[in-house]
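A quick write-up on the structure given underneath.
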Amino acid sequence: MDVQFFVNGEERTFGGDQRTPLLDVLRGDFRLTGTKSVCRGGFCGACTVLIDGEPVPSCQRPVGLLEGAEITTIEGMAPVGELNLVQQAFLDHDVVQCGMCFPGMVITLTHFLGSNPMPGRAEIKEALAGNMCRCTGYERIVDAVLSICPTEQAEDQPPVPEVSER
Amino acid sequence: MSVKIDPETAVMDLPRRDARDKLTGRTRYMVDMAGSDALRAVIVRAKVASAKIVRLDVSAAARMRGVRAIATAADAPELHGIGIQDQPLFARDRIRYPGEPICAIAADTLEQARAAADAVLLELEDLPACFSMADALAPDAPILHPDWKNYECIVDGVARAGNIAWEAKVLRGDVDAAFARPDVTIVESCFRVGRQSHMPFEPRGALASYEDGRYHIITSTQVPWTVRAVTAKVLGVHSSLVRVTVPPVGGAFGLKFDCSIEPMAAILSRKTGRSVSLVNSREEETTTCLCRENADIWIRSAITPEGTIAGREGVVLMDAGAYGGEQVFLSTMTAHTLGASYRLGAARFSTRVIYTNTPPNGAFRSCNGAYNAFALERHTDEICQKIGMDPMAFRKKNVLRDQDLGSTGQVFEGDVLGPMLERMEALRASTGTQEHRAAGRLYGRATTVGTWNIFVGPSTATVNLNADGSATLITASVEIGSGSITQGVPQIVAANLGIHPSKVIVKGADTDAAGYDMGTGGGRTVVSMGSAATAACAVVRKRLLETASELLQTKPENLVLRDGRVEIEGRPGSGTAIETVIARAEQTQGPISGSGSFTAPGTAKAMPGCAAGHFFDAMDLPVFVVHEGEVAVDPETGEVEVLAYRVVQDVGRAINPRAVRGQIQGAVIQGIGYGLHEQITIGPSGAIEQTGFETYHIPLAQDAVKVDIDLFEGAPSCGPLGTKGVAEVAIMNGGATMACAIANATGKKVQQLPLVASRVLGLVEGFEEMLEHPHISRKWSDNILK
């Protein structure tokens, strides 16, 4: 039986084994390789995508459960050639190293800031409990996120995330 | 022609050119490259640690649906290895560790390849096994490599015997006399460390094809030229038949400093005529990881009444696992880590690389330096405790200074560690301390020092000038995340040519395009490849300036390259755009291109006769760190919180200070992981018990702490523009600093890493067993082969 769902706004159909993890469908069948296959156990967060607006490790979701779902992958987080505010902050702060964790980091933190526009340092670190990074030692990721968060003194700044100009 | 390059023109916080694609998921790593046209392959691995292979039958597997080819030991006749050629690609007659490859199967799908793996018939006869170094050194221990005498070694005449794969010795001065002095205090310590697993997000693997009679391997490696050489060696073909290209690497940390499973993919691609993707699963990657090795260390020192070190001796046992690998090479580094940092009257060290029936170990950022720093700094604090001297005062009095001798008799140049200790005190004064946050828990602070070596070695680079005023840099260096080839080296090229680094195009590593390079690791890329690129730029500059000299009717020595122009010195705007000069050169002599090479200048010398079994007796480019940590230990649970962490690092010249700080932050957290969280255990059958991120705990964001960093510049360096490698050494004292701080917090004798909560609780409660290392003799002559 085919499963139909939307990936980055586009309707897609998958006709294979319904137990196939979404991760493998995205990478193998649709060749959306920005979603990284790292631990396949739901711990590292590198394969995080938005399913109906919620960040989920795609290795943990059989595709058969996704009929009608709206999925956003890292490729769909900003129009081609543009970056969202989180991505721009990571670029501006020279945070990236090997880069394998960042698709998941971007998705988790973009979603997090949508519901927590003024987080503190500790809250951002808590939000990263499901996103591991082996290179950076995290703190500069947190610095970059804090740089785009309006402070209490400047509450009327625009909320994140928005797509920025390059 | 004199070269007038202002080093300051290279210094900038250049952003990474690869960040945008990495942030948008568009970067294609090796693991992203295999499309539907590529076959998928799996490795069939041994499930036991030690056995004789009686029969391997792959005929049933070969008949399974979708199976296209099977590679076995028959396809890879030759042995390989870094120091000792002791390792087959596939186990041949004998299995030596759980996880050892038996054969590899390529099929249309991964599922088909896995199904076929179950159909491989393997008939075995059990052999006795050694799972620990103590087992392997026992008088009646089974010998893992009965044929050890016939192995080819990279250096001849080294002491080896049975399970002692390699022995490196240091001997300077009369150590016995130093210990026999009536006035010295003798302090003796035992230490043990477990393995550390790299856990790169991208596992090892390769995508291979067979094109025009040659192998093309796309792989995630730090060492494309090693992969080329080893593949050719084990397959028994000429090296020129192997091409290796490397896309961006998703984390390496030393794990990918050796050829691994690439030749298997190569064999399968030739047999099938198809592209073959072979990638370790996370479980395979973890259980066969070439870890930072476990080690047992014994060290003792004779301390004078003035608080100086009259004599020091040590024995380090390094667990190679089943094959010699990197440990053979790294045995050299005991002299330059455990035997370094401090001024020693007399010194002797024996380092033994031991075979065990466990997965082979490898290189990991700062390698044995990370645990030798732990042993040395804990030993130093034990000395201070015993003689009643302040640890900082002892370090200031004894650290290596200008013209002091290292353990092999090398003369150190420059006063570096001493001033760095003072800078640490100043840094602490500026940041303040965090004792108040311990809040009822046990508080400890410790300052530690460390020495490491930059592995300068052969590199070559080519620089082509393009008509648009850009330059193309062609090297075999790899972008592993450190930024050395996307930030550091292009900045050096740009400074040499007077253009902006964004105008320096960096060609991805390809052994068909770029000349030999030893590899990206060991802190060597900015230094060695930067030097090779500087030499290439010198050729390019000469041609540029000579051509411009004609155009501008000015002597070349009066011209400078700046902002994409050739200017007459002292007269900005007087010259012409670099494009004009390039066009002129094309018309008159042909396009401007230059190549350059570099290797260790060999200026550092040891005293004759002080070192045996070493790959190098003196360090060509020493590099130093001072670390300080503050911890709070929960006496109820043994959990440790890192309250603050400070680093003063000898960086030579930081040409990208922001990127340097990023490397230090990342490395320190990996080092804290080594000290506190990351535990690999070997099970009763010799296998690594951890299988992935669930059981092996790398630090999370909440385990991290923001590192306060002071970059110490100006120490002597042969690196271009005075640079040194920065990313490697930054991890080195993480374990040492955690151990010393926890010892200070608890008042207990910390002898082992990692300091997971259960071990710390054991220390606090007094049930942690004290190490005595009965398998290491206190008699020097027992610890060296005759």
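Sequence lines, in order, name chains A and B.
Number 3 in the numbering used here belongs to position 3 of the first sequence; there are no gaps in the numbering.
Number 473 in the numbering used here belongs to position 473 of the second sequence; there are no gaps in the numbering.
Glycine included, every Cβ here is placed at the ideal spot set by N, Cα and C.
Option in B:His379, B:Phe455, B:Val399, B:Val581 with minimal Cα separation from B:Asn466
Here residue 466 of chain B corresponds to residue number 466 of the second sequence, with the count starting at 1. Among B:His379, B:Phe455, B:Val399, B:Val581, the Cα nearest to that of B:Asn466 belongs to B:Val581.
For B:Gly418, which of B:Glu768, B:Gly522, B:Thr451, B:Gly444 has the nearest alpha-carbon?
Locating residue 418 of chain B in the second sequence gives position 418, where the first residue counts as 1. Among B:Glu768, B:Gly522, B:Thr451, B:Gly444, the Cα nearest to that of B:Gly418 belongs to B:Thr451.
Hey, out of B:Thr681, B:Val750, B:Val726, B:Ile742, whose CA is closest to B:Glu293's CA?
Translated into the one-based positions of the second sequence, residue 293 of chain B becomes position 293. Out of B:Thr681, B:Val750, B:Val726, B:Ile742, B:Thr681 has the C-alpha closest to the C-alpha of B:Glu293.
Neighbour flag for B:Met1 against chain A, beta carbons, 8 Å
Translated into the one-based positions of the second sequence, residue 1 of chain B becomes position 1. Note on B:Met1: pLDDT 44, under 50, position unreliable in the model; the coordinate value appears next. Answer no: the Cβ-Cβ gap between B:Met1 and chain A never drops below 8 Å.
Chain-ordered neighbours of B:Gln665 on chain A, where CB pairs are closer than 9 Å
On the second sequence, position 665 is the one that residue 665 of chain B refers to. Per Cβ cutoff of 9 Å: Thr136, Gly137, Tyr138, Glu139, Arg140.
Integer-rounded CB distance, given that B:Ala476 should sit under 8 Å from B:Asp517
For the purposes of this step, residue 517 of chain B is identified with residue 517 of the second sequence, where counting begins at 1. For the purposes of this step, residue 476 of chain B is identified with residue 476 of the second sequence, where counting begins at 1. B:Asp517 to B:Ala476, Cβ: 4 Å. Contact.
With a threshold of 8 Å on Cβ separation, who are the neighbours of B:Gly558 within its own chain once the five nearest residues in sequence on each side are excluded?
Taking the second sequence and counting its residues from 1, the one referred to as residue 558 of chain B is at position 558. Per the sequence presented here, residue 558 of chain B reads as Asn, with Gly not at that position. Here the set comprises Ile568, Glu569.
Identify the residues that DSSP records as bridge partners of B:His627: which are they?
Numbered from its first residue, the second sequence carries residue 627 of chain B at position 627. B:His627 pairs with B:Thr448, B:Val647.
Excluding the 5 residues flanking A:Cys101 on each side, which residues of the same chain have their C-beta closer than 6 Å to its C-beta?
Position 101 of the first sequence, counted from the first residue, corresponds to residue 101 of chain A. For A:Cys101, where only same-chain residues beyond five positions count, the Cβ hits under 6 Å are Ala46, Cys133.
Put B:Gln87 into one of helix, strand or coil per three-state DSSP.
Position 87 of the second sequence holds residue 87 of chain B. In this structure, B:Gln87 counts as strand in the three-state DSSP scheme.
When we look at the beta-carbon of B:Lys233 and count the other beta-carbons within 10 Å, is it buried (16 or more) or exposed?
Start at 1 with the first residue of the second sequence, and residue 233 of chain B comes out as number 233. Burial call: buried.
Going by other Cβ atoms of all chains shown within 10 Å of its Cβ, with 16 needed for buried, is B:Phe364 buried or exposed?
The residue labelled residue 364 of chain B in the question sits at position 364 within the second sequence. Under this definition B:Phe364 is a buried residue.
How big is the Cα-Cα spacing for B:Leu122 and B:Pro263?
As a working note, residue 122 of chain B is residue 122 in the second sequence. As a working note, residue 263 of chain B is residue 263 in the second sequence. Distance between the alpha carbons of B:Leu122 and B:Pro263 is about 22 Å.
Counting contacts by CB-CB distance shorter than 8 Å, is B:Thr245 in contact with chain A?
As a first step, residue 245 of chain B must be located in the second sequence, where it is residue number 245. With 8 Å as the cut-off, B:Thr245 does not count as an interface residue toward chain A.
For chain B, check one thing: does any of its Cβ atoms lie closer than 8 Å to the Cβ of A:Glu10?
Residue 10 of chain A sits at position 10 when you count from the first residue of the first sequence. Chain B contact via Cβ: absent.
Assess, as a yes-or-no matter, whether the segment 7-20 of chain B is touched by the segment 81-98 of chain A under the definition of 3 or more beta carbon pairs within less than 8 Å.
yes
So, for B:Gln702: in the same chain, excluding its five sequence neighbours on each side, which residues have a beta-carbon less than 7 Å away from its beta-carbon?
On the second sequence, position 702 is the one that residue 702 of chain B refers to. Cβ within range, chain order: n/a, list empty.
For chain A, check one thing: does any of its Cβ atoms lie closer than 8 Å to the Cβ of B:Arg16?
Here residue 16 of chain B is taken as the residue at index 16 of the second sequence, counted from 1. Yes, contact with chain A.
Distance, Cα to Cα, A:Pro62 vs B:Arg192?
Translated into the one-based positions of the first sequence, residue 62 of chain A becomes position 62. Translated into the one-based positions of the second sequence, residue 192 of chain B becomes position 192. The alpha-carbon atoms of A:Pro62 and B:Arg192 are separated by roughly 44 Å.
Figure out for me which residue from B:Leu39, B:Val463, B:Gly629, B:Ala757 has the closest Cα to the Cα of B:Thr637.
Within the second sequence, residue 637 of chain B is the residue found at index 637, counting from 1. Of B:Leu39, B:Val463, B:Gly629, B:Ala757, the residue nearest in Cα terms is B:Ala757.
To the nearest angstrom, how far is the alpha carbon of B:Thr221 from that of B:Val478?
Position 221 of the second sequence, counted from the first residue, corresponds to residue 221 of chain B. Position 478 of the second sequence, counted from the first residue, corresponds to residue 478 of chain B. Between B:Thr221 and B:Val478, the C-alpha separation is close to 8 Å.
If distances are taken between C-alpha atoms only, which option among B:Ala252, B:Gly629, B:Ser528 comes closest to B:Gly205?
Counted from its first residue, the second sequence places residue 205 of chain B at position 205. The candidate whose alpha carbon is nearest that of B:Gly205 is B:Ala252.
Tell me the DSSP bridge mates of B:Asp296?
Within the second sequence, residue 296 of chain B is the residue found at index 296, counting from 1. Paired residues: B:Arg192, B:Leu317.
Using 10 angstroms around the beta-carbon of B:Lys555, count the other beta-carbons present and answer buried if the total reaches 16, otherwise exposed.
Walking along the second sequence from the start, residue 555 of chain B turns up at place 555. Looking at its Cβ environment, which holds fewer than 16 other Cβ atoms inside 10 Å, B:Lys555 is exposed.
With a threshold of 8 Å, are at least 3 pairs of Cβ atoms found where one atom belongs to the segment 355-374 of chain B and the other to the segment 104-112 of chain B?
no
Chain-ordered neighbours of B:Asp13 on chain A, where CB pairs are closer than 9 Å
In the second sequence, residue 13 of chain B corresponds to position 13, counting from 1. The contacting residues are Asp94.
Quick one: is B:Asn783 buried, meaning 16 or more other Cβ sit within 10 Å of its Cβ, or exposed?
Residue 783 of chain B sits at position 783 when you count from the first residue of the second sequence. Flag for B:Asn783 reads buried.
Quick one: is B:Gly314 near chain A, going by C-beta distance under 8 Å?
Along the second sequence, read from residue 1 onward, the residue named residue 314 of chain B stands at position 314. No, B:Gly314 does not count as interfacial toward chain A.
Contact set for B:Thr576: own chain, Cβ-Cβ below 8 Å, skip 5 residues either direction
Along the second sequence, one-based indexing puts residue 576 of chain B at 576. Contacts found: Ala548, Leu551, Leu552, Arg565, Val566.
Going along chain A, which residues have a C-beta under 7 Å from B:Lys22?
Reading the second sequence from its first residue, position 22 is the one you call residue 22 of chain B. Under the 7 Å cutoff, chain A gives Val96, Gly99, Phe102.
By the three-class DSSP mapping on this structure, what secondary structure does B:Asp174 have?
Within the second sequence, numbered from 1, the residue matching residue 174 of chain B stands at position 174. Correct three-state label for B:Asp174: coil.
Using a cut-off of 9 Å between C-beta atoms, extract the partners of B:Val729 located in chain A.
As a first step, residue 729 of chain B must be located in the second sequence, where it is residue number 729. None at all; the shortest Cβ gap to chain A is about 15 Å.
Please name the residue in B:Ala208, B:Pro7, B:Arg45 whose C-alpha comes closest to that of B:Val803.
Outside the modelled stretch of chain B, which goes from 1 to 786, sits residue 803 of chain B, for which no answer is possible.
Inter-residue Cα distance where the pair is B:Arg646 and B:Gly629:
Residue 646 of chain B sits at position 646 when you count from the first residue of the second sequence. Residue 629 of chain B sits at position 629 when you count from the first residue of the second sequence. B:Arg646 and B:Gly629: Cα-Cα distance of roughly 6 Å.
What number of angstroms, rounded off, separates the C-alpha of B:Ala495 from the C-alpha of B:Gly483?
For the purposes of this step, residue 495 of chain B is taken as residue 495 along the second sequence, with counting starting at 1. For the purposes of this step, residue 483 of chain B is taken as residue 483 along the second sequence, with counting starting at 1. So the alpha carbons of these two residues sit roughly 17 Å apart.
Verify the CB distance criterion: does A:Thr151 have a CB-CB separation below 8 Å to chain B?
Counting from one through the first sequence, the residue named residue 151 of chain A turns up at place 151. By this cut-off, A:Thr151 is not an interface position.
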